[in-house]
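A short write-up of the structure that comes next.
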Amino acid sequence: MIDVDFLLALLNDMFFAMIPAVGFALVFNVPQKALKYCAIGGALGHGSRFVLMHWGVPIEWATLGAATLVGMIGVHWSHRFLAHPKVFTVAAMIPMVPGVFAFKAMIALVEINHRGFSPELWALMLENVIKAVFIVAALAIGLAMPGLLFYRRRPVV
1 MIDVDFLLAL LNDMFFAMIP AVGFALVFNV PQKALKYCAI GGALGHGSRF VLMHWGVPIE
61 WATLGAATLV GMIGVHWSHR FLAHPKVFTV AAMIPMVPGV FAFKAMIALV EINHRGFSPE
121 LWALMLENVI KAVFIVAALA IGLAMPGLLF YRRRPVV
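Take a look at the structure:
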């Protein structure tokens, strides 16, 4: 049975991921013809991460899978449209940047500075810093994965 609420939440997530992807593509001077592919890449990446997290995959691993998917699709589009893969992939990764976790870590750090040390605040800060670092690492590895697999002197696949 199809869960209508899940599909609506997925479409909502994908739609609102398109907006920052296109915005950052404009900041990075992506050609106008490639903007729709940046939007689609952002939607597919964030949507696939949403689905993986819905299935119980931790956000770090879901981000790695989504970033790898976006990287692979970007390589396909780069061959099809004769452009560098980064034209399609970098802006599409921006919606998955862990801003909330970095923000929570900074707020905990400010609270430690203001109120003084407490184990709870320290644990909250470390948890959010580590989560943000691993998500950024997953984005970087996922973005590099197609290059590691396809653009070697001796291809793996």
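Residues in the sequence shown are numbered from 1 upward in steps of one, following my numbering. Note that the Cβ used here is the ideal one computed from N, Cα and C, for glycine as well.
Task: Top-ranked residue by Cα proximity to VAL129, from LEU143, ARG115, ALA105 and PRO146 - done: Cα-wise, what sits closest to VAL129 is ALA105.
Open item on the list: Using 8 angstroms for Cβ pairs, my map puts LEU63 next to MET18. What's the rounded Cβ distance?
Closed with: Per the sequence shown, residue 63 should be read as Thr rather than Leu. In this structure THR63 is not in contact with MET18, their Cβ atoms being roughly 18 angstroms apart against a cut-off of 8 angstroms.
TODO: Give the DSSP-derived three-state secondary structure of ASN29 in the structure shown.
DONE: Here DSSP, grouped into helix, strand and coil, assigns ASN29 to coil.
TODO: Quick one: grab the DSSP three-state call for ILE107.
DONE: Reduced to three states, the DSSP call for ILE107 is helix.
Open item on the list: Classify VAL22: buried if its beta carbon has 16 or more other beta carbons within 10 angstroms, exposed otherwise.
Closed with: Its Cβ being crowded by 16 or more others within 10 Å, VAL22 is buried.
TODO: Given a cut-off of 8 angstroms, decide if LEU139 and ALA43 are closer than it, judged by their beta-carbon atoms.
DONE: No.
- [ ] Go ahead and label ARG49 buried or exposed: buried means 16 or more other beta carbons lie within 10 angstroms of its beta carbon, across all protein chains shown.
- [x] Burial call: buried.
Open item on the list: Does the structure place the region 111-118 close enough to the region 51-63 that three or more beta carbon pairs sit under 8 angstroms?
Closed with: The region 51-63 is not in contact with the region 111-118.
Task: Distance between beta carbons of VAL100 and PRO85, contact taken as under 8 angstroms - done: That pair is no contact at about 28 angstroms.
Open item on the list: Rounded to whole angstroms, what is the Cα-Cα separation between ALA137 and ALA102?
Closed with: Going by C-alpha positions, ALA137 is about 14 angstroms away from ALA102.
Task: Inter-residue Cα distance where the pair is LYS33 and ALA91 - done: In this structure, the straight-line span from the alpha carbon of LYS33 to that of ALA91 is close to 14 angstroms.
- [ ] Could you give the DSSP three-state label for PHE16: helix, strand or coil?
- [x] Helix at PHE16.
- [ ] Measure the alpha-carbon distance for PHE81 versus VAL87 and round it to whole angstroms.
- [x] Taking the straight line joining both Cα atoms gives about 11 angstroms.
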